[in-house]
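Asker: Below are the structure tokens for one structure; questions will follow.
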Amino acid sequence: MVHELVPLHLPAACPIRLPRDGIVRIGRHAENEIVCQDPAVSGKHCYVLCGTLEVVDCSSNGTFVNDQKLPKNKPRQLGDGDVLSLLKPPLAGADLGEISIST
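Heads up: the sequence shown begins at 98 in the numbering used here, then just goes up one per residue.
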């Protein structure tokens, strides 16, 4: 099964295909596989365990799945259509860099 991260804040952006195994790191630093330039995003913000499709928060500001803050350093299973946010969820109607999970 193919898993993808779909950027919701950039309508023209292509989905990011996840490998079957391994780790995909997300954050502000260039050594991450997925880089987000927002200054509120930590250098090493979170990572996805591709084999099990779990996300782990390792940030100072929090990582959110479907508007729920993840406990730091604890894996959280992702499912089709889940929305992963690197910043605190916005008030209704605000735009925020989010990605959706597609399986």
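The beta carbon of each residue, even a glycine, is placed where N, CA and C say it ideally should be.
#1: Pop quiz: Leu-115 and Cys-143 are said to be a contact at Cβ under 8 angstroms. What is the actual Cβ separation, rounded to whole angstroms?
#2: Alpha carbons only, please: which of Pro-168, Pro-104, Leu-105 is nearest the one belonging to Cys-155?
#3: With respect to the beta strand (DSSP E) encompassing Leu-167, which residues constitute its N-terminal and C-terminal limits?
#4: Let's see if you can read the secondary structure: which residues bound the beta strand (DSSP E) around Glu-151?
#5: Mind checking whether Val-162 and Leu-183 have CB atoms under 8 angstroms apart?
Answerer: In terms of the structure at hand:
#1: Separation of the CB atoms of Leu-115 and Cys-143 is rounded to 13 angstroms, and the pair is thereby denied contact status at 8 angstroms.
#2: Pro-168
#3: From DSSP, Leu-167 is part of no beta strand (DSSP E); its letter is neither H nor E.
#4: 151 to 154
#5: no
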